[in-house]
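Numbering (the numbering used here), first residue to last: 235 to 1054.
To start, the structure under review is shown below, and the notes come after it.
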Amino acid sequence: MSSLFAQDEYLSVGGNRHSAAADWSITSGLLAFGADQNVGIWSPRNDSGHGISALLSGHTGKVTAVTFITPHRDGPTELLVSGSANGEIAVWRQEAEDQQRRCLMKTTAHEGAVNTVASLSQSRILATGGADAKVKLWKVQETGIEAVATLVLKPRFIPLALAIGSFPFTSSPDHAYLVAGGTRNDIQVYAIESLSSSPKFHHHATLTGHEAWVRSLALTQARDGDALLASASQDKYVRLWRFQLGGSKLTNQPAVLNGGPAASGTLSAKIQTVSAGEHKYSITFEALLLGHEDWIYSAAWSPTGSQLLTASADGSLSIWEADPSSGIWISTSRLGEIRETKGATTATGSAGGFWTGLWGPDGKTVTCVGRTGSWRLWQYDEASQFWAQRFGVSGHTNSVNGICWAPDGSYLLSTSSDQTTRLHAEWKRGEKRSWHEFSRPQIHGYDLNCIASTTPYQFSSGADEKLLRVFNEPRDIANMLHRLCQIPLPPELAQMPDTAAIPVLGLSNKAMDDREENDDDAEDETLDPAGTSNGLGTSLLDIQDPPTEDLLARHTLWPEHEKLYGHGSEISEAATPPDGSVLATACRASSLDQAVIRLYDTQDWNEIRPPLSAHALTVTRLAFSPQSAEYLLSVGRDRQWAVFKRSSETAKSWTRVAINVKAHSRMILDATWLAGHTTNPSFVTAGRDKLVKLWSRGAGNEGETNFTMRSSIARKGPVTAVSATSITASDGPRGVLAVGEDDGTISLHTVDANDELKVLHTVEVPRHFCPSKTINRLAWRPTLNDDGCDHTGQGSQLLAVASADGSVRILRIDVGRIGQ
């Protein structure tokens, strides 16, 4: 069967907080970045608006270093090299037949994290620096990678940054030099001889001046054969070093500071050298760049080498260039955030600093990633001569624990251990369609575990606290989603609050009007392209593109409507029926009295008593029967399932009608009802025993509540997530079951709609569409008719996937082709 039955509709994931874990290719225009233990691929200048195009899985540790190897004159393809926290490096190549990047090989490079990877321009030479205080030199071939030399750093320090350059004016360079910086205040310079045969390292110079660790090194080649090295440090300064051929002109050159010559030329430059064979560079201190107020994490030269981009923990990017007349280095542009109070928390939307700054291939685009995992993008406008911020890509930075669609399928909500809830929707403009993050309704102080959507304008979430919180959509968000995503406006729009904000030292989102929001902005502002500050209170009303990270983090919160108490431990699960009439919740439990299911009436948010009891350990999943809330299914770590029935459509009384105390041999992790089985309700359970079991109510009178296992599906690993939808086949309706496993595998199964629940077909989703870690949740997108019933058919349907690798994926599945 062709793999075309599945394709990526949307990928969302945050970038890793490592300054070396991203690179922007000059050749292909692609940006690669570490995303948990995956490598994300993004084309920032793609006119289609689509964000991340692929997530490359293969590493077993968090990706900490990424670099492209540009093809040299004889090289056929561009390669991508990535390093991870467990010391592995991997080489990736794009295959011509299907345009997928595949891992050529993976090998252990260091006995600790790979902190940095640097490549020698126009060659296949690569240098890696690891937490084992070693630098290794590699030769990269089309079929793999080979270690050719090892340098043990003395005095011992951990390299955090490397730069490697060749001596100029040689057709086939056999000599190069290496610059290493890290957990020392100085920078070491080495010569590398005999690159083509048996490379050897020789220490030549030590560059001093920094007063803290060196976090980044950037090297660029000047037209006259000189080279400029930029070193960025935790001492808040950037130092520039000139590598000049020979050095005959370097007798009394003054060191130039940011702002002018130092002490009228009384500071003479100390000259050091690095040489190999007949070639020699003289190294002198060139300039000290002042302006950042916190650690500087990265430095990068523009493609022309005339401008330097620095990213700092103070939440700003600076662009530096030398004045044409005086040669003095000055900051010409500053992008990002400026705040009166440093060290602001997530509650006030602080970016938490920028970890990596990169230049685009055209030299007119820059991007950076911050603490929230989002990539910000700026483009230089020639007409206005300002840097204008564009929308980038965003995503969770920790395990995604819960997802749910709005009842009408208009958007997807996700919640994560990164303590945020995010809203993903489809941007519609003309014939173009693309998915983006449009709102960050909740920024919390606890890890979030579950989420349930009550109405298209309300949801509830549970976290590592003993209560649940209910949120209502504000008017600003409703108007934005209506304008950009064509989502209908709520009937009660006039009664909705304008927006929301989090009070200082608070955890509850407070409803606010625009006037209050603008007052807050007067004290907490963002730099506009001109470098002046402006409030953002009305920006959400005017945007024509998906919101930037600045808006997402501070202006897309939802006001909190209610707190729900009653549980005695961390909330683990929440669920609502399609009509949203009731909210069922559970918490982590180790005893009968804690493992109860609490129900809340969503009209007045009063608890429906008494709570439902059946389990002795944590309830892992709750699921209401489709089309109505007649049945409630619960499964738990105690290996049993239970079914509860509502006494009547209007009554608030629930009764346990069935239980199986030995349903699985190990804990049950997920459960779902099968759609389309209205005469005899059927459900599915999945457990750590690697089995998916299908159950249906026995045929007979309407009062029969004996559920019997009809069939089962054996999988290779523990089954952690299931979700069901239905299709209309030529011989009648069929169920389609999506199954997710502990290792990230996804499989699809068609099920006969009769009482035997026979499994008809099984297909595996291609591995490159699947996450690299445990699948926590699967959810088919509901599509509703005017009568409110779930409408399914032969066409493609959307499957949302939440994973422990921090990714939210939406797969487009052609359900009609399963089994063909």
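Virtual Cβ for every residue (Gly too), placed ideally from N, Cα, C.
Secondary structure of Met714 (DSSP, three-state): helix.
Membership of Arg674 in the beta strand (DSSP E) is indicated by the continuous run 666-677. Here Tyr799 is exposed: its Cβ has fewer than 16 other Cβ atoms, across all protein chains shown, within 10 Å. By the neighbour-count definition (other C-beta atoms within 10 Å, threshold 16), Lys950 is an exposed residue. Given a length threshold of 3 residues, each whole run of the beta strand (DSSP E) inside the segment 359-416 is given here in chain order: 359-364, 368-375, 378-386, 393-400, 410-416. Scanning Ser560, His437, Glu527, Gln541 for the CA closest to the CA of Gln506 turns up His437. Taken through DSSP and simplified to helix, strand or coil, Arg709 comes out as helix. Straight through space, the alpha carbons of Asp1048 and Val853 are spaced by roughly 33 Å. The bridge partners DSSP lists for Pro967 are Thr962. Counting other Cβ atoms within 10 Å of its Cβ, Val297 reaches 16 or more and is therefore classed as buried.
Taking the Cα positions, Arg663 is about 23 Å away from Pro708. The residue from Ala255, Leu289, Arg931, Asp652 with its alpha-carbon nearest to that of Gly978 is Leu289. In the three-state scheme derived from DSSP, where H, G and I count as helix and E and B as strand, Gly870 is classed as strand.
Three or more beta-carbon pairs drawn from the segment 788-803 and the segment 698-718 are found closer than 8 Å, and the two stretches are therefore classed as touching. From the listed residues Ala963, Ser945, Val448, Pro407, the smallest Cα separation to Ala920 is found for Ser945. In this structure, Leu647 lies near Thr655, with their beta-carbon atoms less than 8 Å apart. Contact check for Ile677 and Gln653: beta-carbon distance about 7 Å, within the 8 Å limit, so the pair qualifies.
Counted as a single uninterrupted DSSP element, the beta strand (DSSP E) harbouring Asp986 occupies residues 980-986.
Judged by their CB atoms, Thr417 and Trp372 are not nearer to each other than the 8 Å cut-off.
In the three-state reduction of the DSSP assignment, Leu925 falls in the strand class.
Under the three-state reduction of DSSP output, Gln729 falls in the helix class.
Residue His409 holds the alpha-carbon nearest to the alpha-carbon of Glu427 among His409, Leu354, Ala955. Rounded to the nearest angstrom, the Cβ distance from Asp835 to Lys886 is 7 Å, consistent with a contact under 8 Å. Assigned with DSSP and collapsed to three states, Val603 falls in strand. Annotation: Ala521 is outside any alpha helix (DSSP H); the continuous beta strand (DSSP E) that includes it extends over 513-523. Its chain contains Ala697, Asp698, Glu699 as the residues whose beta carbon lies nearer than 6 Å to that of Tyr680, once the 5 sequence neighbours on both sides are disregarded; these appear in chain order. From the listed residues Ile562, Ala269, Leu474, Glu527, the smallest Cα separation to Ser550 is found for Glu527.
When C-alpha distances from Val830 are compared across Ser815, Arg788, Glu804, Pro915, the shortest belongs to Glu804. Exposure of Asp596 is indicated by the presence of fewer than 16 other C-beta atoms within 10 angstroms of its C-beta. For Cys684, DSSP records a beta bridge to Gly696. Contact between the segment 972-988 and the segment 950-960 is present: three or more C-beta pairs spanning the two stretches fall below 8 Å. When C-alpha distances from Val300 are compared across Leu396, Arg674, Arg473, Arg822, the shortest belongs to Leu396. Ile323 is bridged by DSSP to Gly317, Thr341. Shortest Cα-Cα distance from Pro433 to any of Val369, Thr377, Leu394 involves Val369. No Cβ-Cβ contact shorter than 8 Å links Asn272 with Thr294. The continuous beta strand (DSSP E) containing His995 extends over residues 993-998.
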